[in-house]
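Residue 203 in the numbering used here sits at position 86 of the sequence shown, and the numbers go up by one each step. Every residue gets a Cβ at the ideal spot worked out from N, C-alpha and C, and that includes glycine. Here the structure is a predicted model, which is why all the values come from computation and not from measurement.
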Amino acid sequence: MIRPATPADVPVIHALIRELADYEKALHEVRATEDQLHEAFFGDRPAVYAHVATDSEDTVVGYAIWFLSFSTWRGVHGIYLEDLYVRPTARGGGHGKALLTELARICVERGYQRLEWSVLNWNTPAISFYESLGARPQDEWTVYRLTDEELVKVTRMHEH
């Protein structure tokens with residue numbers, strides 16, 4: 118079953134985020150706290166959303182965290198999928214496909230025209246799964262990112 122996350126789901130989502138980071142060999146980079154997640158999902162002006170996948174005992178076994186993107190060329194919003202994760206013990210049960218299907222349904226229902234995400238180049242099981250659904254890599258684009266010291270440094274470039 119797929120449903121929107123509730124405040125009670127925040128601790129398990131936080132634990133699953135840490136599991137995903139560990140799988141991606143980057144657990145040391147996780148700084149998010151349960152309080153931050155609660156504020157992001159359920160604060161006064163949430164701009165990020167979460168859905169959870171549950172098993173037959175209503176235990177959360179996976180999640181999708183997403184936010185709205187915008188296409189200037191199409192003139193409408195889309196969904197950017199930040200994280201999709203299903204516990205290894207629950208894989209093969211259709212939870213990942215159900216989470217993506219729910220986000221696709223939201224796109225279609227609201228008139229959004231894109232559902233996009235990034236995947237690590239070495240994550241061949243995920244790539245195979247996404248391509249089996251008809252998703253295609255956007256090879257002509259490279260993601261760039263500013264964080265930490267570099268992000269602060271850019272703000273100081275024009276202070277003089």
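Legend entry - Top-ranked residue by Cα proximity to Leu-232, from Gln-153, Gly-195, Ala-170: The count along the sequence shown starts at 1 and reaches residue 232 at position 115. Out of Gln-153, Gly-195, Ala-170, Gly-195 has the C-alpha closest to the C-alpha of Leu-232.
Legend entry - Cβ contact check for the stretch 240-249 and the stretch 264-275: 3 or more pairs under 8 Å: no
Inset, instruction - Please classify Arg-135: does DSSP put it in a helix, a strand, or coil? - result: The residue you call residue 135 lines up with position 18 of the sequence shown. Here DSSP, grouped into helix, strand and coil, assigns Arg-135 to helix.
Legend entry - Tyr-180 - containing alpha helix (DSSP H), residue span: The count along the sequence shown starts at 1 and reaches residue 180 at position 63. Looking at the DSSP string, Tyr-180 is not in any alpha helix (DSSP H); the run it does join, the beta strand (DSSP E), is 177-188.
Legend entry - Validate contact between the stretch 184-204 and the stretch 147-155 using beta carbons, cut 8 Å, 3 pairs: These segments do not touch.
Inset, instruction - My understanding is that Gly-179 touches Ala-157, with C-beta atoms under 8 Å, so please give their C-beta distance in whole angstroms. - result: Taking the sequence shown and counting its residues from 1, one reaches residue 179 at position 62. Taking the sequence shown and counting its residues from 1, one reaches residue 157 at position 40. Not quite, the Cβ-Cβ distance comes to about 19 Å (not below 8 Å), so this is no contact.
Inset, instruction - Give every residue of the same chain whose Cβ lies closer than 6 Å to the Cβ of Tyr-166, excluding the five residues on either side of it in the sequence, and list them in chain order. - result: Counting from one through the sequence shown, the residue named residue 166 turns up at place 49. Trp-183, listed in sequence order.
Inset, instruction - Spell out whether any CB of chain C is found under 8 Å from the CB atom of Thr-272. - result: This model lacks chain C altogether; it includes just one protein chain.
Inset, instruction - Buried or exposed for Tyr-229, please, with buried defined as at least 16 other CB atoms from any protein chain shown within 10 angstroms of its CB. - result: Residue 229 sits at position 112 when you count from the first residue of the sequence shown. Under this definition Tyr-229 is a buried residue.
Legend entry - Those residues which DSSP pairs with Val-193 across a bridge: On the sequence shown, position 76 is the one that residue 193 refers to. Paired residues: Ser-188.
Legend entry - Secondary structure, alpha helix (DSSP H): runs of 4+ residues fully inside the stretch 189-239: 212-227
Inset, instruction - For Cys-224, collect the residues of the same chain with a Cβ closer than 6 Å to its Cβ; drop the 5 residues on either side in sequence, then sort them by chain order. - result: In the sequence shown, the residue the question calls residue 224 occupies position 107. If we look at Cys-224 and ignore the five residues flanking it on each side, its Cβ neighbours are Ile-196, Leu-232.
Inset, instruction - Leaving out five residues on either side along the sequence, give the residues of the same chain with a beta carbon under 7 Å from the beta carbon of Gln-213. - result: In the sequence shown, the residue the question calls residue 213 occupies position 96. According to the sequence shown, residue 213 is Gly rather than Gln. Closer than 7 Å at Cβ, skipping near neighbours: Gly-179, Leu-201, Val-203, Phe-246.
Legend entry - Reduced DSSP category for His-168 - H, G, I as helix; E, B as strand; rest coil: For the purposes of this step, residue 168 is identified with residue 51 of the sequence shown, where counting begins at 1. Here His-168 sits in strand by DSSP.
Inset, instruction - Could you give the DSSP three-state label for Arg-262: helix, strand or coil? - result: Along the sequence shown, read from residue 1 onward, the residue named residue 262 stands at position 145. Three-state DSSP puts Arg-262 in coil, outside helix and strand.
Legend entry - Check whether His-168 and Leu-216 have beta carbons under 8 Å apart: Within the sequence shown, residue 168 is the residue found at index 51, counting from 1. Within the sequence shown, residue 216 is the residue found at index 99, counting from 1. Contact flag set, yes.
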